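Number of protein chains: 2
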Amino acid sequence: MTTAEAYFREKRALITGGLGFIGSNLARRLVELGADVVLVDSLVPEYGGNLFNIDGIESRLRVNISDVRDEYSMRTLIQGQDLLFNLAGQTSHLDSMQDPNTDLEINARAQLSILETCRKHNPGVKVVFASTRQIYGKPQYLPVDEKHLLIPVDVNGINKMAGEAYHVLYNNVYGIRACALRLTNTYGPRTRVKDARQTFLGIWTRLILEGKPFEVWDGSQLRDFTYVDDAVEAFLLAAASEEADGRVFNLGGADPPISLKDLADLLVSANGGGRYEQRTFPSDRKRIDVGDYYADDRAIRSALSWQPRVTLREGLARMLGYYRQHLPRYL
Amino acid sequence: MTTAEAYFREKRALITGGLGFIGSNLARRLVELGADVVLVDSLVPEYGGNLFNIDGIESRLRVNISDVRDEYSMRTLIQGQDLLFNLAGQTSHLDSMQDPNTDLEINARAQLSILETCRKHNPGVKVVFASTRQIYGKPQYLPVDEKHLLIPVDVNGINKMAGEAYHVLYNNVYGIRACALRLTNTYGPRTRVKDARQTFLGIWTRLILEGKPFEVWDGSQLRDFTYVDDAVEAFLLAAASEEADGRVFNLGGADPPISLKDLADLLVSANGGGRYEQRTFPSDRKRIDVGDYYADDRAIRSALSWQPRVTLREGLARMLGYYRQHLPRYL
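Quick note, the sequences are listed as chains F and U, same order.
Here the working numbering is used: the first residue of the first sequence is 65, the next is one more, and so on.
Here the working numbering is used: the first residue of the second sequence is 65, the next is one more, and so on.
Put into structure tokens, the structure is as follows:
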């Protein structure tokens, strides 16, 4: 066990969105490291929370079903925590355009309310916020570093931008230690695969395992991908390091950027078969698409010694293996 | 009358925050140009709205007392308008820290709701949004141009950043023509002078006219100042120009940047007497102060041929003249 890992033993950690994709993988790791873990999740059906995500570790942590918009339950839950992994969010770009107010409530207002609660009731807590590359909008240069302007192309991006900014502000003004990770496409076991709401890799995985063709929209877009275990490692490093306080970090992947078409081929190859259809972008998605994106993640590699280790080929294989076994629990 | 001015004849224009400082000056100008003007204002006591601000033009426009947070009244008011000057806002940095949720409701949520209303009920409207230099936070270089990163140092700055971003988004995604002006310190007749809530120049003006010393905090900070008539001109140019759609523009002033100490001396000189005391920053203000700020406003000068004309010396004299006559109406 490294020093960073020892840091988590007996630490009290609250994970918002803890039954979701990244939250539950993080919970598993924290439990393994001996932390005292509480998960908050609203289990909104369209979001990523799934009780099966903590299958096998239910007895080693506590689950509290509630919503980050519920100020009073959050007040009780935040008190006494050493660490707050703040991952709850509305993550669908398209939903944020159709119901912008709900997105604002979750991604902006609830975040402000959580930070106010920290300030009033637990100023010593350390907060790591799950931000997103979506806040950059359409890249003006590549790879995108943290100095890139934020010009979000959807309501979700704007509200996440505000949510992230509150965290940095509360760090700088009130000394609530907080930092943010700007996640790129994160993939792996326990992601939502039911539909394309959170990530296209989810629905691709579902369809290929069901023996159906999946759809690749355009296909030429370059993207980068973080395997969930590598993302979890970044959350741990950020939580354990004072170096991170007040900062925002891009996450990238272990592989160079890849086009969606090449990714589709890689998925078919990792699955030992399957097929997809290339088609043009649906218009409601096209207008909020950002085109090519890949991160310059040298800041976190240098400041926190983060190093993504799982290659796409390996990660996709693990993801397929997981859903080959558990797909019905995610439908 | 120039072409731009002729543009406003018989145009139906709604001004949110229309009884406030800039809103009421804009209303006067629009009425003069023959526009059909409706003002919305909530007259929240701590904000800048004041019925006296439309003294003498009451019969030439309509006033509707309501709040931009009130979705239903806004829905009715926005329908049928050609122009929406969107100036309503919570503008106190300090209040935004003490009551962050109210700031979010007004500066972020109500803006999103207004834009949704435009999208659903009046997609042909042209919107000009009053943004603020506050969203830049502490400048990383000077003068600050529109490419400068946004790292707000208070909750108000974050919510205004989101409010501005919604406008650009709705322009880009839905074709609701919208643009934003990032105002710096704006001054002149009809600003709130009761206290230091909105602008220090307000309380300085009040105190000097009452024969009392005013306070200069620190004094070395460099700032730029826009006389309100010049700001109004920028709103008109932005409204009349397609060039502005989807863009954000800094406003600067007619003079070079000036230190607050020199500004205080200029005010005393313009007043023909008066005194001030220099003191250190109060701690609650210091932590959200941005230090030196002045804008690079070449973008709006070039794109819209905007040219601030009123010098500080002249503007301060006009402001003092106004309040010498009307101070009791603002206390």
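Glycine included, C-beta positions come from ideal geometry on N, C-alpha and C.
On a predicted model such as this, the values are computed, not experimentally measured, just so you know.
Quick check: the Cα distance between A308 (chain U) and Y387 (chain U), rounded to an integer number of angstroms? A308 (chain U) and Y387 (chain U): Cα-Cα distance of roughly 34 angstroms.
Looking at the strands, I want to know which residues DSSP matches up with C243 (chain U). Looking at the DSSP output, C243 (chain U) shares a beta bridge with U:V192.
Please report how far the alpha carbon of P396 (chain U) lies from the alpha carbon of N150 (chain U), in whole angstroms. The shown model of chain U, from 65 to 395, leaves out residue 396 (chain U), and the question about it has no answer.
Identity of the residue in U:G153, U:L265, U:L176, U:S177 nearest T166 (chain U) by Cα: Closest by alpha carbon: U:G153.
Output the distance between the C-alpha atoms of Q371 (chain F) and R93 (chain F), rounded to the nearest integer angstrom. One alpha carbon belongs to Q371 (chain F), the other to R93 (chain F), and they sit about 17 angstroms apart.
Is any beta-carbon of chain F found at less than 8 angstroms from that of V454 (chain U)? Here chain U comprises residues numbered 65 to 395, so residue 454 (chain U) is not present and cannot be evaluated.
Within 8 angstroms, strictly: CB atoms of L148 (chain U) and N117 (chain U): Contact: no.
Name the chain F residues that come within less than 8 angstroms of M138 (chain U), Cβ to Cβ? Within chain F, no C-beta atom comes less than 8 angstroms from the C-beta of M138 (chain U); the nearest is roughly 14 angstroms away.
Rounded straight-line distance, which links the Cα of R373 (chain U) to that of R311 (chain F): For the pair R311 (chain F) and R373 (chain U), the Cα-to-Cα distance works out to about 41 angstroms.
DSSP three-state label for L151 (chain F), please. The three-state reading of DSSP puts L151 (chain F) in coil, since its state is none of H, G, I, E or B.
Who are the Cβ neighbours of G283 (chain U) in its own chain at under 6 angstroms, not counting the five residues just before and after it? Excluding sequence neighbours, G283 (chain U) sits near L324, K325, Q342.
Does M225 (chain F) have its Cβ less than 8 angstroms from a Cβ in chain U? Yes - at least one Cβ of chain U is within 8 angstroms of the one on M225 (chain F).
What distance in whole Å lies between the Cβ atoms of T250 (chain U) and A295 (chain U), which are believed to be in contact at a cut-off of 8 angstroms? Rounded, the Cβ-Cβ distance is 5 angstroms, consistent with contact.
At what residues does the alpha helix (DSSP H) containing T181 (chain U) begin and finish? Per DSSP, T181 (chain U) belongs to the alpha helix (DSSP H) from 174-185.
Within 8 angstroms of any Cβ in chain F, is that where the Cβ of A229 (chain U) sits? Cβ-Cβ to chain F under 8 angstroms: yes for A229 (chain U).
For S366 (chain U), three-class secondary structure by DSSP: Three-state DSSP puts S366 (chain U) in a helix.
Contacts that R351 (chain U) makes with chain F (C-beta to C-beta distance below 9 angstroms): Going along chain F in sequence order, the residues near R351 (chain U) (Cβ under 9 angstroms) are N236, V237, Y238.
What is the residue span of the alpha helix (DSSP H) that Q342 (chain U) lies within? Note, Q342 (chain U): premise wrong, no alpha helix (DSSP H); beta strand (DSSP E) at 340-343.
Cα-Cα separation between R183 (chain U) and R349 (chain F), rounded to whole angstroms: One C-alpha to the other measures close to 18 angstroms.
Option nearest V280 (chain U) by Cα separation, candidates U:V292, U:E274, U:T290, U:T263: For the set U:V292, U:E274, U:T290, U:T263, the Cα lying nearest the Cα of V280 (chain U) is the one of U:T263.
At least three beta-carbon pairs within less than 8 angstroms, the segment 69-78 of chain U to the segment 97-107 of chain U: Yes, the segment 69-78 of chain U is in contact with the segment 97-107 of chain U.
Using the three-state DSSP reduction, which class does Y200 (chain F) fall into: helix, strand or coil? Here Y200 (chain F) sits in helix by DSSP.
With a threshold of 8 angstroms between beta-carbons, can A99 (chain F) be considered close to chain U, or not? A99 (chain F) does not count as touching chain U.
Closest by CA to R351 (chain U), which one among U:V189, U:H157, U:V132? Answer by Cα proximity: U:H157.
Counting C-beta neighbours from all protein chains within 10 Å, is the total for P187 (chain F) 16 or more, i.e. buried, or is it exposed? The residue in question, P187 (chain F), is exposed, as its Cβ has fewer than 16 Cβ neighbours within 10 Å.
Taking DSSP as the reference, what is the three-state secondary structure of A77 (chain U)? DSSP places A77 (chain U) in strand when its eight states are reduced to three.
So for V406 (chain U), helix, strand or coil by DSSP? As shown, chain U starts at 65 and ends at 395. That puts residue 406 (chain U) outside it, with no answer to give.
Those residues which DSSP pairs with Y251 (chain F) across a bridge: Partner(s): F:Y291.
By DSSP's criteria, D105 (chain F) is part of a beta bridge. Which residues make up the other side? Partner(s): F:I129.
Checking 8 angstroms against the spacing of the C-beta atoms, do A302 (chain U) and V189 (chain U) come in under that value? For the pair A302 (chain U) and V189 (chain U), the CB atoms are not nearer than the 8 angstroms cut-off.
Buried or exposed for E228 (chain U), going by 16 or more other Cβ atoms inside 10 Å? By the 10 Å Cβ count, E228 (chain U) comes out buried.
Buried or exposed: where does L274 (chain F) fall if 16 or more other Cβ atoms within 10 Å of its Cβ makes it buried? Per the sequence presented here, residue 274 (chain F) reads as Glu, with Leu not at that position. When all chains shown are included, E274 (chain F) counts as exposed.
Give, in chain order, every residue of the segment 157-177 of chain F whose Cβ lies closer than 8 angstroms to some Cβ of chain U. For the segment 157-177 of chain F, which is checked against every Cβ of chain U, the residues closer than 8 angstroms are M161, P164, N165, L168, A172, R173, L176, S177.
Would you say R261 (chain F) touches the ligand FMN, meaning its beta carbon is less than 7 angstroms from a heavy atom? For the structure depicted, the ligand FMN is absent and the ligand set is empty, with no information on it obtainable.
Report the residues of the segment 196-210 of chain U with a CB closer than 7 angstroms to any CB of chain F, ordered along the chain. Hits within the stretch: zero.
From the DSSP output, in three-state form, read off F116 (chain U) for me. Here F116 (chain U) carries a helix assignment [DSSP, helix/strand/coil].
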